[in-house]
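Take a look at the structure set out below.
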Ligand SMILES: Cc1ncc(COP(=O)(O)O)c(C=O)c1O
């Protein structure tokens with residue numbers, strides 16, 4: 003059998019081994035998937051589009067109506083001004099991220115990541131033959147170390163990834179931090195790839211700040227987002243990329259030569275979602291409640307250091323105080339009936355576990371009770 007390309011030899015798959023469904027009866031706190039039904043208007047539009055025969059090839063970049071709707075949505079929610087021509091509708095934000103890296107990196111180039119970060123960025127960069135440069139964030143609050151980013155820039159650096167709110171840490175970068183990152187990018191003529199998939203899920207009372215809205219940022223930022231998290235549409239595989247015209251045009255070429263486009267019937271369904279603000283608000287209220295339940299239920303357990311998550315739906319818990327490694331902690335939690343993710347699977351994640359509070363409320367209560375019974379001998383849930 004012929005060998006596959008060597009760059010796949012050490013390519014990671016991040017949290018994938020822990021994202022498999024656990025044995026029956028185990029509480030699943032692993033998967034970053036909203037535990038809500040997809041909004042009705044999205045489902046009914048998808049069905050009526052299918053019935054109307056929207057099952058054939060269509061405009062690769064995304065329907066003009068959907069691109070226009072995304073352009074208005076970006077302006078109204080985040081103040082980002084990219085025209086519809088600068089939007090590419092992709093099969094999930096994940097594919098948009100891959101296009102962003104494909105269009106900005108040549109083999110041998112360097113791309114800065116602020117770690118620990120979402121598990122797929124690093125393998126994406128490696129697939130292209132470029133080099134991820136992992137710059138640790140401040141371990142006490144998970145905010146970026148601006149001096150370290152500045153020192154990491156070399157002649158080969160092409161981009162800085164910003165993911166705020168962040169998966170897995172829950173950090174929401176301040177306006178000043180975003181401004182400082184944009185300033186570094188301007189100074190060294192770098193791209194900023196801004197993964198804004200959790201921008202509607204912020205709990206610390208601040209507004210989402212996109213680098214594309216900071217002076218000097220618009221013509222060097224590629225904004226990535228999608229429908230999975232905000233509208234509970236993970237399996238519908240739809241996301242988008244928005245950026246300056248050279249980046250958008252190159253991304254259209256990536257898509258033309260790979261996916262062609264997202265399913266035709268999904269264009270109108272995704273447009274319907276953008277009008278579902280009442281659902282988004284209800285989901286956000288539920289996440290806020292679940293986050294608070296987690297903090298109350300786990301916050302007083304000795305040995306766990308929990309930084310209040312400022313956004314997204316994850317708790318990134320330092321378990322070093324328990325004397326266990328993160329893998330030991332996750333293995334023992336599984337024995338206690340709760341599945342969570344040991345973060346040493348990702349760069350600079352050693353000593354932490356990631357907990358998703360996108361899980362249903364009853365699973366949060368039951369999981370807290372099981373962990374307390376294991377670690378404390380009591381079973382307070384709230
Ligand atoms: C930070 C981040 N970016 C991108 C994605 C990918 O989202 P999508 O389902 O739209 O591909 C995820 C999914 O977990 C994520 O957490």
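Residue numbers (the numbering used here): 3 to 384. Ideal Cβ placement from N, Cα and C applies to all residues, glycine included.
By the Cβ test, the region 48 to 68 is not in contact with the region 207 to 215, since fewer than three Cβ pairs between them sit closer than 8 angstroms. Residue range 279 to 300 is occupied by the alpha helix (DSSP H) that includes residue 282. Membership of residue 116 in the beta strand (DSSP E) is indicated by the continuous run 112 to 117. Rounded to the nearest angstrom, the gap between the Cα atoms of residue 58 and residue 266 is 7 angstroms. Distance from the CA atom of residue 281 to the CA atom of residue 158, rounded to whole angstroms, is 44 angstroms.
With fewer than 16 other Cβ atoms inside 10 Å of its own Cβ, residue 325 counts as exposed.
Taking 8 angstroms as the cut-off, the beta carbon of residue 275 is found closer than this to the beta carbon of residue 44. Buried is the label assigned to residue 292, since at least 16 other Cβ atoms lie within 10 Å of its Cβ. Judged by DSSP secondary structure, residue 373 falls within the alpha helix (DSSP H) whose first and last residues are 363 to 377. Under the three-state reduction of DSSP output, residue 163 falls in the strand class. Relative to ligand 1, the beta carbon of residue 65 is positioned no closer than 7 angstroms to any heavy atom. Proximity to residue 37 across 177, 102, 237 and 112 peaks at 237, based on C-alpha coordinates.
As DSSP reads the structure, residue 317 sits in a beta bridge with 357. For residue 341, the secondary structure class from DSSP, reduced to helix, strand or coil, is strand. Closest by C-alpha distance to residue 129, out of 89, 14 and 251, is 14. For residue 199, the CB falls within less than 7 angstroms of some heavy atom of ligand 1.
In its chain, beyond the 5 residues on either side, 31, 32, 33, 34, 315 and 316 have a beta carbon closer than 7 angstroms to the beta carbon of residue 358. One thing to note: residue 349 has its Cβ no nearer than 8 angstroms to the Cβ of residue 125. Annotation for residue 125: the continuous alpha helix (DSSP H) segment containing it runs 123 to 129. In the DSSP annotation of this structure, residue 188 is not part of any beta strand (DSSP E); the continuous alpha helix (DSSP H) holding it starts and ends at 177 to 190. For the pair residue 231 and residue 180, the CB atoms are not nearer than the 8 angstroms cut-off.
Residue 341 has its alpha-carbon roughly 18 angstroms from the corresponding atom of residue 322. In the structure shown, the three-state DSSP call for residue 334 is helix. The distance from the Cβ of residue 345 to that of residue 170 is about 6 angstroms, consistent with a contact at the 8 angstroms cut-off. In the assembly as shown, residue 156 is an exposed residue. Its beta-carbon has fewer than 16 other beta-carbons within 10 Å. In the three-state DSSP reduction, residue 102 falls in the helix class (H, G or I). Under DSSP, residue 196 forms a beta bridge with 164 and 225. Under DSSP, residue 10 forms no beta bridge with any residue. In this structure the region 240 to 253 touches the region 93 to 107; the number of beta carbon pairs closer than 8 angstroms is three or more. In terms of Cβ geometry, residue 103 and residue 137 do not form a close pair [threshold 8 angstroms]. Collapsing the DSSP output to three states places residue 25 in coil.
Inclusion of residue 113 and residue 161 in the CB contact set at 8 angstroms is warranted, their separation being smaller than that value. If you look at residue 169, you'll find it isn't in any beta strand (DSSP E); DSSP assigns it neither H nor E.
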